[in-house]
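Line by line, the protein sequences give chains Z and E.
According to my numbering, the first sequence is numbered sequentially starting from 189.
According to my numbering, the second sequence is numbered sequentially starting from -17.
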Amino acid sequence: MAIRKENGRIINGYPNRRADLRKHPRVRETIIQALLFLAGFVSIFTTIGIVYELGKEALLFFRTPEVNLWEFLTGTSWQPHIEEFGVLPLALSTLITSSIAMMIAIPLGLTAAIYLSEYATERVRKILKPTLEVLAGIPTIVYGYFALTFVTPLLRSIFGEDVVEIYNMASGGLVMGILILPLVASMSEDALHAVPNALREAAFGLGATRLEVALKVVVPAAMSGIAAAIIVGISRAIGETMIVAVAVGAGPNFTFNPFRGAETMTGYIVRISGGDLSYDSIDYNSIFAIGLLLFFITLTLNIISQRIVRRFREVYE
Amino acid sequence: MSRPNIFEDNLPTRQKTASVWQLIFLSATVVGIIFLSTLLINILNSSFGYVALEARVPPETLAVNGVPLEELPKEELVRLLQEHLSSGAFNKLENEKPFEKRSRSEVYDLVISRIVKYKVVESWNLFESLFRADEIRARVAEEFPEAELRFMSWLTVDTIRRPQSSEALLAGMRTAILGSLWTIVITIIVAFPLGVSAAIYLEEYAQDNWINRLIRTNINNLAGVPSIIYGMLGLAIFVRSLEKLTSGAVFGLVDPTTANGRTILSAALTLALLILPLIIINAQEAIRAVPQSLRRASLGLGATKWQTVWWHVLPNALPGILTGTILAVSRAIGETAPLVVVGASTAITFDPTSPFSKFTTLPIQIYQWTARPQGEWRHLAAAAIIVLLTLLLTLNATAILLRNRFTKRF
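(1) Find the nearest neighbour of Ile197 (chain E) within the set E:Ile263, E:Val232, E:Ala314, judged by alpha-carbon distance.
(2) Could you tell me which chain Z residues have their CB closer than 7 Å to the CB of Arg278 (chain E), listed as they occur along the chain?
(3) Are the C-beta of Tyr355 (chain Z) and some C-beta of chain E separated by less than 8 Å?
(4) When the cut-off is 8 Å and only beta carbons count, does Gln64 (chain E) lie next to chain Z?
(5) Is any beta-carbon of chain E found at less than 8 Å from that of Asn490 (chain Z)?
(6) To the nearest angstrom, how far is it from the Cα of Val593 (chain Z) to the Cα of Asp468 (chain Z)?
(7) Can you name the residues of chain Z whose CB is closer than 8 Å to the CB of Phe113 (chain E)?
(8) According to DSSP, simplified to helix, strand and coil, what is Ile272 (chain Z)?
(9) Look at the Cβ atom of Gly262 (chain Z), then the Cβ atom of Leu276 (chain Z), and state whether they are nearer than 8 Å.
(10) Hey, Ile329 (chain Z) and Met430 (chain Z): beta-carbon distance below 8 Å or not?
(11) Since Arg360 (chain E) contacts Thr352 (chain E) with CB under 8 Å, what's their CB separation in whole angstroms?
(12) Of all the CB atoms in chain E, is at least one closer than 8 Å to the CB of Ile238 (chain Z)?
(13) For Ile496 (chain Z), which of Z:Ser412, Z:Ile457, Z:Glu217 has the nearest alpha-carbon?
(14) Since Gly31 (chain E) is in the alpha helix (DSSP H), which residue starts that stretch and which ends it?
(15) Just confirm the distance between the C-beta atoms of Thr296 (chain E) and Met155 (chain E), as a whole number of angstroms; I'd bet it's less than 8 Å.
(16) For the segment 177 to 190 of chain E, which residues have a beta carbon sitting closer than 9 Å to at least one beta carbon of chain Z?
(17) Taking DSSP's pairing of strands, which residues face Lys101 (chain E) in a bridge?
(18) Whose CA, out of Z:Leu320, Z:Gly237, Z:Leu342, lies closest to the CA of Leu367 (chain Z)?
(19) Take Asp140 (chain E) and list the residues in its own chain whose beta-carbon comes closer than 8 Å to its own, dropping the five residues that flank it on each side.
(20) Would you report the Cα separation of Thr234 (chain Z) and Ala364 (chain E), rounded to the nearest angstrom?
(21) Whose Cβ in chain E lies nearer than 7 Å to the Cβ of Ala227 (chain Z)?
(22) What does a CB cutoff of less than 8 Å around Val221 (chain E) pick up in its chain, not counting 5 residues either side in sequence?
(23) Going along chain Z in order, which residues have a C-beta closer than 7 Å to the C-beta of Phe220 (chain E)?
(24) Report the three-state DSSP secondary structure of Gln274 (chain E) (helix, strand or coil).
(25) Here's a check: name, in chain order, each residue in its chain whose Cβ is nearer than 6 Å to the Cβ of Leu251 (chain E), leaving out the five neighbours to either side.
(26) What is the DSSP secondary structure of Glu130 (chain E), counted as helix, strand or coil?
(27) Does the separation of the CB atoms of Ile418 (chain Z) and Leu489 (chain Z) fall below 8 Å?
(28) Any idea which residues DSSP pairs Val167 (chain E) with across the strands?
(29) In angstroms with no decimal places, state the Cα-to-Cα distance between Gly463 (chain Z) and Tyr472 (chain Z).
(30) Given this structure, state the Cα-to-Cα distance separating Asn73 (chain E) from Lys79 (chain E), to the nearest angstrom.
(31) Since Ser423 (chain Z) meets chain E, which of its residues come closer than 7 Å, beta carbon to beta carbon?
(32) Apart from the five residues on each side of it in sequence, which residues of its chain come closer than 7 Å, Cβ to Cβ, to Ser461 (chain Z)?
(33) Less than 8 Å between the beta carbons of Val511 (chain Z) and Phe444 (chain Z), yes or no?
(34) Do the segment 301 to 312 of chain Z and the segment 399 to 406 of chain Z meet, that is, are 3 or more Cβ pairs less than 8 Å apart?
(35) Look at Ser312 (chain E) and Asn378 (chain E) and say whether their C-beta atoms are less than 8 Å apart.
(36) With burial defined as no fewer than 16 other Cβ atoms inside 10 Å of the residue's Cβ, what is the status of Val49 (chain E): buried or exposed?
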């Protein structure tokens, strides 16, 4: 389309039509923008949906005469068929399995991250980093299978079959640690790698060894990212479902012994909803109460992790 | 006059500590790799190995005039079926598909499954089968004299093509694989346009006001919500509240086998909500990487905002968006927990035919097979895991290739 000038006026390529260059409302553009905004708003609907639906059913659960909030939060027995609704057995086994997982994932994940970022050559790093990311993408049911068919028999042969039950928290926790390891390693490595080289070079220049540079300069500088990685790892462990559903057991059990079977919050939800479930039964409502608790725990952890990153991030340059 | 040399005094100790720790760091990485390779080896180990089979009717007794069962012609096999099955069962088979139209191998399979009826009495892993074969043979000869010992691969073309069954030897993954495909296709149809639109809005249109900040924070938080919570959301909204829609009643398309909202559609919508934040976050990064100069050039030539986005920003961001989407989709393919909550069916043997069919998916099939106490199902689960991991690995490799091949540097 050629633009010509005739008598000082801009004329477009078509004869006898003047180009209208004034701003005018464009309906199409507005509609598109509105549609795009709606797509963005779907995420808000999702959150509202989660809080509303979980809250609604949980409220029905707490309205039942047999249930009271105090007993729910402090009771040590979860036996819906004899009307005992204390969430502690479920919460305790979630806590135990997650702690075991973090005892594996934090030390191994952090040291692996330091190795990758500070010691490994660029070539090794280029191979190991994507490998970590692919491994983080293996479905959790595969890890559950591993826990049940490999780790449990291994534990039983080490500690004795009468000590370790077929379904036990230790096996689930250990495998959960292996599951979370790549996540913690990968996120911490990102944080370590982002520390500017000038800091390392300054430390080396003052005569520090590689270890001193890593532990006294790089790790403190990347602390916010590492802390965030750990918290995200914990939140992942608490919400992890298939490993515990397969390997940890199917019955609430208030015990501190990791070699015994128990049921975590997520495991309970899966078992109840996997069976034939009638709506408006107390079982149905109870999984929503536990789901709501789970949602708030993980949400709090995620918010804390974001805060840490924002507040304690060391900004360079 | 000598100055105290603070450096040389402790230098050997410092260097010693350094090398010890370097070893620790390296070994942590190695331990991690060992864990993960054990996982993969364990799965391969369970997928192959000896099985001891006991037949209800030993195949040798079915030989006709000295011709062994394997070499019998089709007509003889049909006659065998007629002899050994009740006339009702035989007619039912005839009605399903006339024997004239069945191939010899189909009829042979029927003879094995309906007359011979193998049963697994014991099974062994690959390593046991390789290194302790003599022991296994001796044991089988002693404990199960009737049994036939066979080296078996649980992962065959047949196990992939056969539908689900209540017999471990006849069970296959077809129902589950088709279920996974149906679910994932609908998930993509829903989640991809929604996710990309949201990302475009947030990167290109949104001003910095409270509502857009809220949307941003919210998406980051949603990415960290455990998947099982999405399952409960799906159960409450798609299965229960929108039952009319998800069961197909609105369209008059109710599958005769389902009477409620526990359908492929519900599962797919749930998974779509689950991966939406991941798609949005990845697409945002891809859009952000498109340089401002492109946008300014386009706007400067008189294009509208949408024309700029559609013709210049999106094409340049597309490889990144696709990579992110593939990664999100591979997450959805492997998800198990939310679908159990939404209500996957425990045992369906027929293929899904519409979005309103009952569903089962590959990970759910793995879960159910793993949860069964008998050992033979675990072998089958291992075979299914290999199929699932192969699928995911292919997807991930595609994503990485896309990223390396098409990412432009500006």
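Beta carbons: idealized from backbone N, C-alpha and C, even for Gly.
No experiment lies behind these values; they were computed from the predicted model shown.
According to the structure shown:
(1) Within the second sequence, residue 197 (chain E) is the residue found at index 215, counting from 1. When each option's Cα is compared against that of Ile197 (chain E), the closest is E:Ile263.
(2) Residue mapping note: residue 278 (chain E) aligns to position 296 of the second sequence, counting from 1. Identification of chain Z residues near Arg278 (chain E) by a Cβ-Cβ cut-off of 7 Å yields none; the smallest Cβ-Cβ distance measures about 18 Å.
(3) Against the first sequence, residue 355 (chain Z) aligns to sequence position 167. So, not an interface residue.
(4) Residue 64 (chain E) sits at position 82 when you count from the first residue of the second sequence. Chain Z contact via Cβ: absent.
(5) Against the first sequence, residue 490 (chain Z) aligns to sequence position 302. At least one chain E Cβ lies under 8 Å of Asn490 (chain Z).
(6) Because chain Z in this structure spans residues 189 to 505, residue 593 (chain Z) falls outside the shown range and cannot be described.
(7) Looking up residue 113 (chain E) in the second sequence gives position 131. In chain order: nothing, as chain Z lies at least about 17 Å away.
(8) The sequence position of residue 272 (chain Z) within the first sequence is 84, counting from 1. Before going further, note that residue 272 (chain Z) is Glu rather than Ile in the sequence given. In this structure, DSSP gives Glu272 (chain Z) an extended state, which the three-state scheme calls strand.
(9) Taking the first sequence and counting its residues from 1, one reaches residue 262 (chain Z) at position 74. Taking the first sequence and counting its residues from 1, one reaches residue 276 (chain Z) at position 88. The question names Gly, but residue 262 (chain Z) in the sequence shown is Thr. A contact, by the Cβ cut-off of 8 Å.
(10) Here residue 329 (chain Z) refers to the residue found at position 141 when the first sequence is read from its first residue. Here residue 430 (chain Z) refers to the residue found at position 242 when the first sequence is read from its first residue. Result yes, Cβ atoms of Ile329 (chain Z) and Met430 (chain Z) sit closer than 8 Å.
(11) Here residue 360 (chain E) refers to the residue found at position 378 when the second sequence is read from its first residue. Here residue 352 (chain E) refers to the residue found at position 370 when the second sequence is read from its first residue. So it is a contact: roughly 6 Å between Cβ atoms.
(12) Counting from 1 along the first sequence, the entry for residue 238 (chain Z) is found at position 50. Yes, contact with chain E.
(13) Sequence index remark: in the first sequence, residue 496 (chain Z) carries index 308 (1-based). When only C-alpha atoms are compared, the closest one is Z:Ser412.
(14) Start at 1 with the first residue of the second sequence, and residue 31 (chain E) comes out as number 49. Looking at the DSSP string, Gly31 (chain E) is not in any alpha helix (DSSP H); the run it does join, the beta strand (DSSP E), is 30 to 37.
(15) Your numbering for residue 296 (chain E) matches position 314 in the second sequence. Your numbering for residue 155 (chain E) matches position 173 in the second sequence. At residue 296 (chain E) the sequence reads Leu, which differs from the Thr that was named. Your pair Leu296 (chain E) and Met155 (chain E) does not check out as a contact, with CB atoms roughly 38 Å apart and the cut at 8 Å.
(16) Within the segment 177 to 190 of chain E, the qualifying residues are Gly177, Val178, Ser179, Ala180, Ala181, Ile182, Tyr183, Leu184, Glu186, Tyr187, Ala188.
(17) By 1-based counting over the second sequence, the position of residue 101 (chain E) is 119. Partner(s): E:Glu36.
(18) Against the first sequence, residue 367 (chain Z) aligns to sequence position 179. Ranked by how close their Cα comes to the Cα of Leu367 (chain Z), the residues Z:Leu320, Z:Gly237, Z:Leu342 have Z:Leu320 in first place.
(19) By 1-based counting over the second sequence, the position of residue 140 (chain E) is 158. Here the set comprises Gly154.
(20) The count along the first sequence starts at 1 and reaches residue 234 (chain Z) at position 46. The count along the second sequence starts at 1 and reaches residue 364 (chain E) at position 382. Near 35 Å, if we compare the C-alpha coordinates of Ala364 (chain E) and Thr234 (chain Z).
(21) For the purposes of this step, residue 227 (chain Z) is taken as residue 39 along the first sequence, with counting starting at 1. Chain E residues near Ala227 (chain Z): Leu176, Ser179, Ala180, Tyr183.
(22) The residue given as residue 221 (chain E) occupies position 239 in the second sequence. Thr228, Asn242, Gly243, Arg244, Ser248, Val324, Gly325.
(23) The residue given as residue 220 (chain E) occupies position 238 in the second sequence. The contacting residues do not exist; Phe220 (chain E) stays about 10 Å from chain Z at best.
(24) To locate residue 274 (chain E), count along the second sequence from 1; it is residue 292. In the structure shown, Gln274 (chain E) sits in a helix (DSSP, three-state: H, G or I).
(25) As a first step, residue 251 (chain E) must be located in the second sequence, where it is residue number 269. Result list for Leu251 (chain E): Phe220, in chain order.
(26) Here residue 130 (chain E) is taken as the residue at index 148 of the second sequence, counted from 1. DSSP places Glu130 (chain E) in strand when its eight states are reduced to three.
(27) As a position in the first sequence, residue 418 (chain Z) is number 230, starting the count at 1. As a position in the first sequence, residue 489 (chain Z) is number 301, starting the count at 1. Their beta carbons are not under 8 Å apart, which means Ile418 (chain Z) does not touch Leu489 (chain Z) by this criterion.
(28) For the purposes of this step, residue 167 (chain E) is taken as residue 185 along the second sequence, with counting starting at 1. DSSP lists no partner for Val167 (chain E).
(29) Locating residue 463 (chain Z) in the first sequence gives position 275, where the first residue counts as 1. Locating residue 472 (chain Z) in the first sequence gives position 284, where the first residue counts as 1. In this model, Gly463 (chain Z) and Tyr472 (chain Z) are separated by some 11 Å (Cα to Cα).
(30) For the purposes of this step, residue 73 (chain E) is identified with residue 91 of the second sequence, where counting begins at 1. For the purposes of this step, residue 79 (chain E) is identified with residue 97 of the second sequence, where counting begins at 1. Using only the alpha carbons, I get a separation of about 10 Å.
(31) Taking the first residue of the first sequence as position 1, residue 423 (chain Z) is located at position 235. Chain E residues near Ser423 (chain Z): Gly206.
(32) Within the first sequence, the letter at position 273 stands for residue 461 (chain Z). Shown here for Ser461 (chain Z): same chain residues with a beta carbon closer than 7 Å to its own, the five before and five after excluded, namely Ile475 in chain order.
(33) Residue 511 (chain Z) falls outside the range modelled here, since chain Z spans only 189 to 505, and no answer is possible.
(34) Three or more beta-carbon pairs drawn from the segment 301 to 312 of chain Z and the segment 399 to 406 of chain Z are found closer than 8 Å, and the two stretches are therefore classed as touching.
(35) The residue labelled residue 312 (chain E) in the question sits at position 330 within the second sequence. The residue labelled residue 378 (chain E) in the question sits at position 396 within the second sequence. By the CB criterion at 8 Å, Ser312 (chain E) and Asn378 (chain E) fall inside the cutoff.
(36) For the purposes of this step, residue 49 (chain E) is taken as residue 67 along the second sequence, with counting starting at 1. Taking every protein chain shown into account, the CB of Val49 (chain E) has fewer than 16 other CB atoms within 10 angstroms, so this residue is exposed.
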